[in-house]
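Novice:
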Ligand SMILES: Nc1ncnc2c1ncn2[C@@H]1O[C@H](COP(=O)(O)OP(=O)(O)O)[C@@H](O)[C@H]1O
Ligand SMILES: Nc1ncnc2c1ncn2[C@@H]1O[C@H](COP(=O)(O)OP(=O)(O)O)[C@@H](O)[C@H]1O
Ligand SMILES: [Mg+2]
Ligand SMILES: [Mg+2]
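Chains as they are written, first to last, in my numbering: chain A, 12 to 328; chain B, 222 to 568.
1. Curious, which full-length alpha helix (DSSP H) runs of at least 4 residues does the region 376 to 449 of chain B contain?
2. Tell me the rounded alpha-carbon separation between residue 252 of chain B and residue 387 of chain B.
3. Against residue 276 of chain A, what residues of chain B qualify as contacts under a CB-to-CB distance less than 7 Å, listed in chain order?
4. What residues of chain B sit near residue 168 of chain A, judged by a beta carbon separation below 8 Å?
5. If you follow the beta strand (DSSP E) that residue 28 of chain A is part of, which residue opens it and which one closes it?
6. With 8 Å set as the bound, which would you pick, yes or no: does the beta-carbon of residue 232 of chain A sit closer than that to a beta-carbon of chain B?
7. So does the region 392 to 405 of chain B actually touch the region 262 to 272 of chain A, counting three or more Cβ pairs closer than 8 Å?
8. Pick out whichever of B/266, B/244, B/313 has its Cα sitting closest to the Cα of residue 430 of chain B.
9. Is residue 281 of chain B helix, strand or coil when you go by DSSP?
10. Quick one: is the Cβ of residue 65 of chain A within less than 7 Å of any heavy atom of ligand 3?
11. By the 10 Å Cβ neighbour count, where 16 or more other Cβ atoms means buried, how is residue 258 of chain A classified, buried or exposed?
12. Just the C-alpha distance for residue 239 of chain A and residue 28 of chain A, rounded to the nearest angstrom, thanks.
13. If you check the beta carbons only, do residue 573 of chain B and residue 523 of chain B fall under 8 Å apart?
14. At a Cβ threshold of 8 Å, is residue 188 of chain A touching chain B?
15. Is there a Cβ of chain A sitting closer than 8 Å to that of residue 529 of chain B, yes or no?
16. Which residues of the region 254 to 273 of chain A have a Cβ closer than 7 Å to any Cβ of chain B? Give them in chain order.
17. Report the rounded CA-to-CA distance for residue 166 of chain A versus residue 494 of chain B, giving the unit in angstroms.
18. Would you report the Cα separation of residue 296 of chain B and residue 250 of chain B, rounded to the nearest angstrom?
19. So with Cβ pairs under 8 Å, would you call residue 477 of chain B a contact of chain A?
20. Could you work out which residues of chain B lie near residue 226 of chain A, taking near to mean beta carbons separated by less than 8 Å?
21. Just checking: is the beta-carbon of residue 536 of chain B within a distance shorter than 8 Å of some beta-carbon in chain A?
22. Go ahead and pull the three-state DSSP assignment for residue 265 of chain B.
23. If residue 226 of chain A and residue 481 of chain B are in contact, beta carbons under 8 Å, what's the gap, nearest whole angstrom?
24. Sorted by chain position, which residues of the same chain lie with C-beta nearer than 6 Å to residue 246 of chain A's C-beta, five sequence neighbours on each side aside?
25. Counting only C-beta atoms, is residue 108 of chain A closer than 8 Å to chain B at any point?
26. Given a cut-off of 8 Å, decide if residue 300 of chain A and residue 189 of chain A are closer than it, judged by their beta-carbon atoms.
27. Buried or exposed: residue 324 of chain A, going by 16 or more other Cβ atoms within 10 Å of its Cβ?
28. Any heavy atom of ligand 1 closer than 7 Å to the CB of residue 29 of chain A?
29. Check the Cβ-Cβ distances between residue 243 of chain B and every residue of chain A, and say whether any is below 8 Å.
30. Would you say residue 38 of chain A touches ligand 1, meaning its beta carbon is less than 7 Å from a heavy atom?
31. Can you pull the chain A neighbours of residue 532 of chain B, defined as C-beta to C-beta under 7 Å?
32. Given residue 12 of chain A, which residues of its chain have a CB within under 8 Å of its CB, disregarding the five upstream and five downstream residues?
33. Just to confirm the assignment: which complete beta strand (DSSP E) runs, minimum length 3, are found wholly within the region 159 to 204 of chain A?
34. Can you confirm whether the region 443 to 462 of chain B touches the region 543 to 555 of chain B when touching is taken to mean that 3 or more C-beta pairs between the two stretches lie within less than 8 Å?
35. Measure the C-alpha to C-alpha separation of residue 403 of chain B and residue 326 of chain B and round it to an integer number of angstroms.
36. Using 10 angstroms around the beta-carbon of residue 383 of chain B, count the other beta-carbons present and answer buried if the total reaches 16, otherwise exposed.
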């Protein structure tokens, strides 16, 4: 069925290299994937694997080294005129990891949330602006009278709600949420995740949800992509990737996640990852995404397809 | 009988701040036996770090002990001089922090840093200590140890630095290792390696561990016993199986329930936020966020009710006259599993 669904985002051979003197860091290295309208696409991987860079490149916060990002079919690097650019900046929003660093401490909550409303001229006067902000505060579970306060008066979870309200203010279609819960306590993480799920339904949103907490990503995502060293190694439905991982790296990553269950923990066997076998062996240039099972892709050479087909078959028994 | 090495009794700690007295630790009691791992789990601000710092004599200047005892082999650590602390700290009791850089000296070769406690506490010669340091580096899984022993902290990754800190903490084979969120800043794969390493070394060195974390997954894998902390108090204490399969306090239910398991359909979140410790609540501190709360919860602090020889929970729900409540589905499922485990144990 995925063929019938509309793609809201297409990332094609995206590369984002950082030059620092003579060294080049391949922050994102030839990454391709699609996000369908209305889904949550989870991006997981260890720190430094390129998740944030992918999100920022999609939103054109960096100028990609090469590759394309299509939003609703249009190349976002080649939008025509100010109108199209403004429209994209409105349609695609970001929620940041650090609820402390991402809110300007000298601005009131109202001014923080209304920044986008002002840029895009979405309110006609002060009274409407205030009302919109108060409504948004209520939407994200805060108090209407919080509007005139400053960020330092709020807890981490509340600040993250302010960040969500700011992103929602301009009625976006697509939100990149970069580790929105990583800095929060467990009980507060669940609140924010539940809020994001509710908002997605109410506002027909699509998310790129970036996280290193695999259990949470599995929970919130429809599909998952696994990144390692700037490369996207595996993509599939959340259940497929978790229950039938193909790439050795994915298997290793999943096997390392501790579960809140002593019996499972006592019997958990970690799988070590051997770098240089299916990645980093000099053949990376020959690797591209191959569909091994319907909707389940792995980055491999043509020769490795047979191997992964065997891996996939081994799960069927 | 297990050998009891630490007994903390009715500990109370305040902090003086411009806003008033922060009542950070409000009557906390627990013990630690030889060779075991006790996990203290709770949200940020619940008092985990303050509790551990009090055991190693590293409380902030604005703190004040309001009462209690910390008995280490019968000696009250709250009464000893800084000179006596110099003998104990890093020797009989050692600590690992979340950020390894807080315990490493950026200007000193790591070999020297690992060797130093041996020279200071065990009277080892420089040469002996250096050789032991090299051995320890290998034990904590630093490859190329002969070469890397001469390097500086900035030349190591975060995970490697935490291994170095573990080497320093364990080189004197301490009786107690305090580990305050030692893996929270690390990636899961690195975390898994560090946790395995700690378990391994614990067996070799026979150290007891107090493991602080907010991650219930890590607790399930590391702990023999678990104390659940909230707003400066313990709300529930038990063996790891009792806490995970037979939890009794609604806060423990909430914590377990807000973690997605690999099969969960819906997340049950705990509403609200922890109380302000400048003015802590009178009764059960969790009552304002607790949908199972009764009137008495707001008025009177519940005592610990005994569930088993090793399991206690401070909730009025365990009072014989309390109405029976049905916990969340996930908890019911765990309770049923617990009954199966107990039945299997009897056979
Ligand atoms: N602005 C930048 N300049 C130089 N290198 C960068 C920059 N941003 C990220 N990198 C590097 O790119 C890689 C990927 O980083 P990032 O996307 O932040 O990873 P993640 O979000 O998965 O932790 C890392 O090696 C990082 O150091
Ligand atoms: N030096 C200090 N001055 C004032 N308050 C403090 C100080 N240290 C800790 N606290 C307070 O004590 C409480 C417990 O803190 P802490 O033990 O660090 O929590 P945890 O480690 O569980 O996150 C918190 O409310 C914290 O703000
Ligand atoms: Mg990142
Ligand atoms: Mg702490």
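C-beta: ideal position from N, C-alpha, C; glycine also.
Specialist: So, from the listed chains and residues:
1. Segments of the alpha helix (DSSP H) lying fully in the region 376 to 449 of chain B: 379 to 391, 409 to 426, 437 to 443.
2. Distance between the alpha carbons of residue 252 of chain B and residue 387 of chain B is about 23 Å.
3. Ordered by position in chain B, the residues that pass the 7 Å Cβ test against residue 276 of chain A are 441, 442.
4. Residues of chain B passing the Cβ test: 494.
5. Taken as a continuous stretch (DSSP letters only), the beta strand (DSSP E) holding residue 28 of chain A covers 18 to 31.
6. Proximity of residue 232 of chain A to chain B, defined by a Cβ-Cβ separation below 8 Å, is not satisfied.
7. Taking one beta carbon from each stretch, the region 392 to 405 of chain B and the region 262 to 272 of chain A have fewer than 3 pairs nearer than 8 Å; the two do not touch.
8. Among B/266, B/244, B/313, the Cα nearest to that of residue 430 of chain B belongs to B/313.
9. In the three-state DSSP reduction, residue 281 of chain B falls in the coil class, being neither helix nor strand.
10. For residue 65 of chain A, the distance from the CB to the nearest heavy atom of ligand 3 is not below 7 Å.
11. By the 10 Å Cβ count, residue 258 of chain A comes out buried.
12. For the pair residue 239 of chain A and residue 28 of chain A, the Cα-to-Cα distance works out to about 15 Å.
13. Because chain B is modelled from 222 through 568, residue 573 of chain B falls outside the range shown and cannot be assessed.
14. Not one beta carbon of chain B lies nearer than 8 Å to the beta carbon of residue 188 of chain A.
15. For residue 529 of chain B, the closest Cβ of chain A is not nearer than 8 Å.
16. Cβ proximity to chain B below 7 Å picks out 263, 264, 267, 268, 269, 270, 271, 272, 273 from the region 254 to 273 of chain A.
17. Rounded to whole angstroms, residue 166 of chain A to residue 494 of chain B spans 9 Å at the Cα level.
18. Spanning the two alpha carbons is a distance of roughly 16 Å.
19. Output row for residue 477 of chain B: interface = yes.
20. Correct list: 438, 480, 481, 482, 483.
21. So no, residue 536 of chain B is outside the interface.
22. Looking at residue 265 of chain B - three-state DSSP - the assignment turns out to be coil, as it is neither helix nor strand.
23. In this structure residue 226 of chain A is in contact with residue 481 of chain B, their Cβ atoms being roughly 5 Å apart against a cut-off of 8 Å.
24. Closer than 6 Å at the Cβ level, and outside the excluded window around residue 246 of chain A, lie 44, 236, 308.
25. No - not a single Cβ of chain B is within 8 Å of the one on residue 108 of chain A.
26. No, the Cβ-Cβ distance between residue 189 of chain A and residue 300 of chain A is not below 8 Å.
27. Residue 324 of chain A is exposed by the Cβ-count criterion.
28. Answer for residue 29 of chain A: yes, Cβ within range of ligand 1.
29. Closer than 8 Å: no.
30. Yes.
31. The CB of residue 532 of chain B never comes closer than 7 Å to any CB in chain A; the least such distance is about 14 Å.
32. Only weak support exists for where residue 12 of chain A lies, its pLDDT of 49 falling under 50; the value from the coordinates is given anyway. The answer is none, since no qualifying residue turns up.
33. Runs found: 185 to 189.
34. Because the criterion of three Cβ pairs below 8 Å is not met, the region 543 to 555 of chain B and the region 443 to 462 of chain B do not touch.
35. Cα-Cα distance, rounded: 18 Å.
36. Residue 383 of chain B comes out buried.
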